[in-house]
Amino acid sequence: MRTKMVAQNRYCVAIIGLGSLGQNTWFESLQNMPKVSVCAVCDSNAAVIDGFALRHAETPAYMKLERLLEHHFPDFAIVCVPNRYHLPIIKQLEAVGVSCLKEKPIATTVDEFHQLCSAQTKIGVTFQRRWQPRYVHFRHLLPEIGKPLSVRATIAGKYDPPQYGWRVRDNVGTFDDLGVHMLDILVWLFGRPSSVFARCLSDDQPCTRDRESHVFMTWQKSELVGHLYVSEVALEKEEWLVVRGTLGSLHLKSKEITHYDVGGRQTYQMGFQSLKQDDIFLTTEAIRLSFASQTLEQVAQPHQDVGRQNGTTKTLDRDERHFNNSHLVTMPSNGHAEFAAAPAAAADNGYDSDQSVPKFNSVTQKTFLLNNEYAMPGLGFGTRKPKKPKETYEAVKKALEVGYRHIDTAYRYNNEGYHDKA
1 MRTKMVAQNR
11 YCVAIIGLGS
21 LGQNTWFESL
31 QNMPKVSVCA
41 VCDSNAAVID
51 GFALRHAETP
61 AYMKLERLLE
71 HHFPDFAIVC
81 VPNRYHLPII
91 KQLEAVGVSC
101 LKEKPIATTV
111 DEFHQLCSAQ
121 TKIGVTFQRR
131 WQPRYVHFRH
141 LLPEIGKPLS
151 VRATIAGKYD
161 PPQYGWRVRD
171 NVGTFDDLGV
181 HMLDILVWLF
191 GRPSSVFARC
201 LSDDQPCTRD
211 RESHVFMTWQ
221 KSELVGHLYV
231 SEVALEKEEW
241 LVVRGTLGSL
251 HLKSKEITHY
261 DVGGRQTYQM
271 GFQSLKQDDI
281 FLTTEAIRLS
291 FASQTLEQVA
301 QPHQDVGRQN
311 GTTKTLDRDE
321 RHFNNSHLVT
331 MPSNGHAEFA
341 AAPAAAADNG
351 YDSDQSVPKF
361 NSVTQKTFLL
371 NNEYAMPGLG
381 FGTRKPKKPK
391 ETYEAVKKAL
401 EVGYRHIDTA
411 YRYNNEGYHD
421 KA
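Counted from 1, the sequence shown has number 4 at position 4 by the UniProt record's numbering; the numbering is strictly sequential.
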């Protein structure tokens, strides 16, 4: 007998793959979610299943997905297995009508991408950086620097994949595993590039997986040029995004955004705090709501559906196929010349409406004049005195509830007694 809802108003989720991501990130985080319950898990490794069962006897654990689907009908499944198993597992889920959220990459080949797009079930892909507050704010602030002229992106760290792990065995390099996140951000911010030149280094290792990658891109439509650097052999963890424009530059370094005017003077800086549990919560809430009531084309952004990932997939494919090619690759004008089976999202270079270059200065943004005579954009700032007791407390409490973490308030005007209570 197959079970679905474990309790009223709670959604049943199955986790497929109990590696570090499936067990330590997804399972542990979902344990604390009020509207979601993990109804079952699955992993092909007997030792992993036995260890999980000892720690979480209340959650059914299976070694075969077929057995799990015989006994459970989850509202959706989270796929956390090695990349090459994504497609066959999704086909099994499709056969019984179960939607899924899969970990990146979108697909390992363009052919696999087309198969996923044609699947008769809802499929989401986790590209969480698109909706993390730091990147959302960065995108909203881009008009402050005028027309973008150049972009430099870095995502790097010191990682040493296990010699006998699936990444080494399947030749999954650092670009597929790490760089695709930043590539997706670039496509999200500026659309699919017109040309790509990519080179990788394997450090003369026995396997052919890349350990460091350099990708040069141009966007002919907007006259933008860019460079993406990805590495697993860096001395320290780095995550940078720098966009220079006609009116200044915007810098994201780790969890800080800094704006500089055209003369190189810093005008403002903001910091962000977030936990991995926050990413899991927002992702799962979005997929729960969208899978429950919407079509594939309407699935919410935190888990980009595969059909809307055309730009990232095609750019990634060009990168990988030309890592060992010394020629500049020009993207077809319609974005699909080599992939006739895929209809263009739009007539010009395959741009989607939510992936085009931002409309600069299309909205007059409220600014505040600082003492140094520089203008700072208003990003949800309150500028008036509270009119009654407890008003600031209520405002700060609401801001915390929706995710703000850095809030400056006055300790006067009948609010002293509420300090530190929100």
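C-beta atoms are modelled at their ideal positions from N, C-alpha and C, and glycine is treated no differently. Just so it is clear, the structure is predicted and the values come from calculations on it, not from any experiment.
Straight-line CA distance for residue 352 to residue 191?
Legend: pLDDT at residue 352 = 37, less than 50; position of this residue unreliable, no value from coordinates given.
Tell me which same chain residues have a C-beta within less than 7 Å of the C-beta of residue 86, skipping the five on either side of it?
The residues are 79, 102.
Quickly, what does DSSP pair residue 240 with across the bridge? List them, please.
Under DSSP, residue 240 forms a beta bridge with 154, 253.
Quick one: is residue 429 buried, meaning 16 or more other Cβ sit within 10 Å of its Cβ, or exposed?
Nothing can be reported for residue 429, as the shown portion of the chain is limited to 1 through 422.
Buried versus exposed call for residue 83 [16 or more other C-beta atoms within 10 Å across all chains shown]:
The residue in question, residue 83, is buried, as its Cβ has 16 or more Cβ neighbours within 10 Å.
Rounded Cβ spacing between residue 90 and residue 65 (contact assumed at less than 8 Å)
Not really, about 11 Å apart at Cβ, beyond 8 Å.
Are residue 272 and residue 213 touching if we call contact CB-CB under 7 Å?
No, they are not a contact pair.
Mind checking which residues open and close the alpha helix (DSSP H) that includes residue 135?
That run of the alpha helix (DSSP H) goes 133 to 141.
If you check the beta carbons only, do residue 156 and residue 234 fall under 7 Å apart?
Against a cut-off of 7 Å, the Cβ pair of residue 234 and residue 156 comes out as a contact.
Using the C-alpha atoms, what's the distance from residue 261 back to residue 267?
Roughly 7 Å between the two C-alpha positions.
Are the beta-carbon atoms of residue 187 and residue 104 separated by less than 7 Å?
Cβ distance not < 7 Å, so residue 187 and residue 104 don't count as in contact.
In terms of residue numbering, what span does the beta strand (DSSP E) encompassing residue 51 cover?
Taken as a continuous stretch (DSSP letters only), residue 51 belongs to no beta strand (DSSP E), being part of the alpha helix (DSSP H) at 46 to 55.
With C-beta atoms as the reference, is residue 60 less than 7 Å away from residue 12?
For residue 60 and residue 12, no; Cβs fall outside 7 Å.
Do residue 245 and residue 148 have their C-beta atoms within less than 7 Å of each other?
Going by C-beta atoms, residue 245 is nearer than 7 Å to residue 148.
Under the rule that 16 or more other beta-carbon atoms within 10 Å means buried, what is residue 95, buried or exposed?
Exposed is the call here.
Look at the Cβ atom of residue 16, then the Cβ atom of residue 57, and state whether they are nearer than 7 Å.
Not closer than 7 Å, so no.
Environment of residue 46 [buried if 16+ CB atoms lie within 10 Å]:
Exposed, by the Cβ-count rule.
Going along the chain, which residues of its own chain have a beta-carbon closer than 7 Å to the beta-carbon of residue 220, five neighbours each way excluded?
Hits under 7 Å: 194.
What residue from 223, 265, 31, 249 has the CA that sits closest to residue 144's CA?
Ranking 223, 265, 31, 249 by CA distance to the CA of residue 144 puts 249 first.
As an exercise, report each continuous alpha helix (DSSP H) stretch of at least 4 residues that is fully enclosed by the stretch 11 to 91, in chain order.
Correct list: 46 to 55, 65 to 71.
Write down the C-beta distance between residue 240 and residue 252 rounded to the nearest angstrom, noting that I regard them as a contact closer than 8 Å.
Contact holds; Cβ gap of about 7 Å.
Short check: CB of residue 215 to CB of residue 151, under 7 Å?
No, the Cβ-Cβ distance between residue 215 and residue 151 is not below 7 Å.
What does a CB cutoff of less than 7 Å around residue 500 pick up in its chain, not counting 5 residues either side in sequence?
Outside the shown range of the chain (1 to 422) lies residue 500, about which nothing can therefore be said.
Tell me, which residues are paired with residue 106 by DSSP?
Looking at the DSSP output, residue 106 shares a beta bridge with no other residue.
Name the DSSP bridge partner or partners of residue 215?
In the DSSP output, where bridge partners are listed per residue, residue 215 has 198, 228.
Starting from residue 268, follow the beta strand (DSSP E) in both directions and report where the run begins and ends.
In the DSSP assignment, residue 268 falls within the unbroken beta strand (DSSP E) covering 266 to 271.
Run through DSSP, which three-state label would residue 234 get?
The answer is strand: DSSP assigns residue 234 an E or B state.
Helix, strand or coil at residue 124 [DSSP, three-state]
Residue 124: strand per DSSP, three-state reduction.
When the Cα atoms are used, what is the spatial distance from residue 19 to residue 106?
So the alpha carbons of these two residues sit roughly 19 Å apart.
Quick one: grab the DSSP three-state call for residue 245.
Looking at residue 245 - three-state DSSP - the assignment turns out to be strand.
Own chain partners of residue 40 with C-beta closer than 6 Å, once the 5 adjacent residues on each side are dropped
Annotation for residue 40: 14, 60, 68, 72 place their beta carbon closer than 6 Å to its own, counting only its chain and skipping 5 residues before and after.
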